[in-house]
Amino acid sequence: METIGVIYGVRLASSEEYRYVGLTRKTVSRRFHQHLRNAARGKKTPFYDWLRKRPVEDVVVDTLETVLTTLEDLGRAEVSWIAKLTERGDRLLNLSEGGLGPMGYVWTAEQRAAAAARATGRKIPPRPGAANPFFGKTHSAEQRATWSKSRAGSITGAKNPNFGKFGEDHPSFGHVMSVESRERLAKQKRGSLNPNYGKVYTDEERAAMSARSKGIPRPSSVRSAHTRYHTNKAIHNPACRHCVEDAAKLVAPPKRETTE
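First residue of the sequence shown? That's 224 in this note's numbering, and the numbers climb one at a time after it.
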């Protein structure tokens, strides 16, 4: 009996979890090489993004089912496999539920609106909280490790867009955080949330920190630090007692000399 087509699954050699399911009327090898070419050309889909970040030798393509009956049965088989693997917990990157047709996927009105906004250069309105499609979800440790590896060193040194920018040339020049923002950041590192909470340095660690700090010029006193970082830069810090004292001296009326 003539083979109508094949259902195939793509996974990493180190995992039994399938990340993509497809159908083909060609050989599985030929179809996979088409996927590799599309990924190399920069085609944007979740599956091709995933495929671009992995060595070809780490990717395995398995034949899940061979269909011998009709083309319609081939489409139904793909739908069945996608549903079965999704129910099993496999994080498939398919854009549709499978089946025959151009893509087997119908865009929602929200997706069409978002695509139109991107195409015309308009910003997509923010979707916070439950309105965000990723709300309540978390990236896997494998995905985070992959991103960390691919981005390592990508914005260091001359690759940093702010490299060599100082003073007014730096985009953060003159930026002052609000009291609310500072308090929110403080809460995130307060008490047991601080990575150094309860930590006691050993004698060896203290000696190493002392050696690293030798020769680095520092203010000799709090007053010197105030002069260097506040007075010389015309900055008034309400938390600095010297700033408060200096300001008080400026507004205080001069004392009158009394003569008897």
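C-beta atoms are modelled at their ideal positions from N, C-alpha and C, and glycine is treated no differently.
Query: C-beta contact flag for G232 and L287 at 8 Å; Result: yes
Query: CB contact below 8 Å: V399 versus chain D; Result: Any reference to chain D falls outside this structure, which holds one protein chain only.
Query: Nearest-angstrom Cβ-Cβ length linking L294 and L323, presumed shorter than 8 Å; Result: 7 Å
Query: Residue closest to G397, alpha-carbon to alpha-carbon, out of E403, S404 and F389; Result: F389
Query: Strand pairing of T450, partner residues [DSSP]; Result: Looking at the DSSP assignment, T450 forms no beta bridge with any residue, so it has no partner.
Query: C-alpha distance - F270 paired with R314, whole-angstrom precision; Result: 11 Å
Query: Cα-Cα separation, C463 to P351; Result: 38 Å
Query: Between the CA atoms of R275 and A217 - distance to the nearest angstrom; Result: Residue numbering for the chain in the displayed model covers 224 to 483; residue 217 lies beyond these limits and cannot be assessed.
Query: For G228, the residue or residues it bridges with in DSSP; Result: V290
Query: D313 (DSSP reduced to helix, strand or coil); Result: coil
Query: Neighbour-count burial assignment, H393, 16 or more Cβ in a 10 Å radius; Result: exposed
Query: Start and end residues, alpha helix (DSSP H) containing V251; Result: V251 to A263
Query: Alpha-carbon spacing of H459 relative to S443, whole angstroms; Result: 20 Å
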